[in-house]
DNA sequence: ACTCATATAGGAATATCTCCTAAATATTCG
DNA sequence: CGAATATTTAGGAGATATTCCTATATGAGT
């Protein structure tokens, strides 16, 4: 699995050790891409394959992975820090569409915000290097359900 | 002070009571607009004027104010939930510019994101009703300092 | 003022996450 | 391979932010 080799390589490059704990945590995050797992959930999943692992190690490893820009922590305001994989090696250029009805989280298109960031540089003299963007509203599915309910009500 | 009367009116409208605790919490948030106070800081400030207040009451009141859409909680990932006043009575249409160098938080222009939200409706079939947007980067001041340091280095 | 539902204080409880330390382990070098 | 060494880990204690619990207090309507 080349993604693991790459992980090993980046670790060594930065002088970190390649331990089985780190490997397992990384694997779980990779295998559950798109799930937005939180630390607890990752801990539970890792324990299935590596029962001896400690909570602190999971937290440490997640922090390390984030520092290495392999993963990315998002706060969906549910009390947990949730993680996802960084896809491109540049910046975390994407955003989330969070449905207020069903709670689903969809990842949005990249690059929508580029022009805005230029405008911010012009207007506010602020050089944007990254962003965390969450749009709240209603997903396609829930919109349709709500429309139908409205019709039956009238 | 008409803002307090308005507060009283909205409380009654929703069947909530106008207590001095709620009044003091609300006042502190209003008086420190732009400061992005967290719950602890609000608690401390309220205690100066109303020493008997309890922590739980402050949390409850902040949750109530947020539910009433009078204030708005933001997570700057420093471990605290921070609050600011909702200015327009519609949506929280603004964003934050967070400097990675000095940690300053500036509030950005409204309405920058309107066109993007239209595009999201078209492309993703997702109806946006609100957003939480944080841009990370470097503020004017820090950019200048960094430029200067670069020059002296070469 | 009386009534009653709601709100509060205060502390205990919970939950997430971090710190601490002795033991374990990855990596390097001979 | 095996020894040396610095890093990493497990496990639990600790820290911190927030919520829950309950008897008491208080606002609002009559």
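Residue numbers (my numbering), protein chains in the order written: chain A, 1 to 154; chain B, 1001 to 1154. Heads up, the beta-carbon is just placed ideally off N, CA and C, and yes, glycines get one too.
Alpha carbon of residue i to alpha carbon of residue j, nearest angstrom
i, j, result
"residue 1071 of chain B", "residue 1062 of chain B", "8 Å"
"residue 136 of chain A", "residue 106 of chain A", "11 Å"
"residue 1130 of chain B", "residue 1049 of chain B", "35 Å"
"residue 16 of chain A", "residue 101 of chain A", "43 Å"
"residue 26 of chain A", "residue 73 of chain A", "14 Å"
"residue 1111 of chain B", "residue 1094 of chain B", "7 Å"
"residue 1057 of chain B", "residue 1069 of chain B", "18 Å"
"residue 1078 of chain B", "residue 148 of chain A", "42 Å"
"residue 1022 of chain B", "residue 1053 of chain B", "10 Å"
"residue 138 of chain A", "residue 144 of chain A", "10 Å"
"residue 24 of chain A", "residue 18 of chain A", "11 Å"
"residue 1011 of chain B", "residue 142 of chain A", "31 Å"
"residue 128 of chain A", "residue 1039 of chain B", "29 Å"
"residue 6 of chain A", "residue 43 of chain A", "23 Å"
"residue 1146 of chain B", "residue 118 of chain A", "20 Å"
"residue 59 of chain A", "residue 1099 of chain B", "26 Å"
"residue 1051 of chain B", "residue 1084 of chain B", "23 Å"
"residue 1122 of chain B", "residue 151 of chain A", "23 Å"
"residue 1014 of chain B", "residue 1003 of chain B", "17 Å"
"residue 65 of chain A", "residue 41 of chain A", "16 Å"
"residue 20 of chain A", "residue 8 of chain A", "11 Å"
"residue 1067 of chain B", "residue 116 of chain A", "30 Å"
"residue 1055 of chain B", "residue 55 of chain A", "30 Å"
8 Å contact criterion, which residue i and residue j should meet: CB distance rounded
i, j, result
"residue 1103 of chain B", "residue 120 of chain A", "Going by Cβ atoms, the distance from residue 1103 of chain B to residue 120 of chain A rounds to 18 Å, so no, they are not a contact pair."
"residue 1124 of chain B", "residue 97 of chain A", "6 Å"
"residue 133 of chain A", "residue 113 of chain A", "7 Å"
"residue 1046 of chain B", "residue 1028 of chain B", "5 Å"
"residue 81 of chain A", "residue 36 of chain A", "That belief does not hold up - the Cβ atoms of residue 81 of chain A and residue 36 of chain A are roughly 10 Å apart, past 8 Å."
"residue 1140 of chain B", "residue 126 of chain A", "7 Å"
Chain-ordered chain A contacts of residue i [CB-CB under 8 Å]
i, result
"residue 1106 of chain B", "124 and 126"
"residue 1164 of chain B", "No answer is possible for residue 1164 of chain B: it lies beyond the span of chain B, which begins at 1001 and ends at 1154."
"residue 1138 of chain B", "126, 127 and 129"
"residue 1097 of chain B", "120, 124, 126 and 128"
Under 7 Å by beta carbon: chain B residues contacting residue i
i, result
"residue 71 of chain A", "In chain order: nothing, as chain B lies at least about 15 Å away."
Residue i: first and last residue of the uninterrupted alpha helix (DSSP H) it sits in
i, result
"residue 1043 of chain B", "1039 to 1049"
"residue 1024 of chain B", "1020 to 1031"
"residue 12 of chain A", "2 to 13"
"residue 157 of chain A", "Given that chain A is displayed from residue 1 to residue 154, the structure contains no residue 157 of chain A and the question cannot be resolved."
"residue 66 of chain A", "55 to 67"
Interface partners of residue i on chain A, CB under 9 Å
i, result
"residue 1109 of chain B", "119, 120, 123 and 124"
"residue 1077 of chain B", "73, 75, 81 and 132"
"residue 1004 of chain B", "Per Cβ cutoff of 9 Å: no residues; residue 1004 of chain B is ~29 Å from chain A at best."
Contact list for residue i against chain B, beta-carbon separation under 9 Å
i, result
"residue 143 of chain A", "1125, 1126 and 1127"
"residue 26 of chain A", "Those within 9 Å of residue 26 of chain A in chain B number zero; the least Cβ separation is about 22 Å."
"residue 7 of chain A", "Here the premise fails: no neighbours, minimum Cβ distance about 25 Å."
Within chain A, partners of residue i - CB distance below 7 Å
i, result
"residue 1064 of chain B", "Result: empty, since nearest Cβ-Cβ is about 17 Å, beyond 7 Å."
"residue 1112 of chain B", "116 and 119"
"residue 1011 of chain B", "None at all; the shortest Cβ gap to chain A is about 24 Å."
Those runs of the alpha helix (DSSP H) which lie wholly inside the region 71 to 128 of chain A and span at least 4 residues: DSSP runs (the alpha helix (DSSP H)) wholly in the region 71 to 128 of chain A: 114 to 124.
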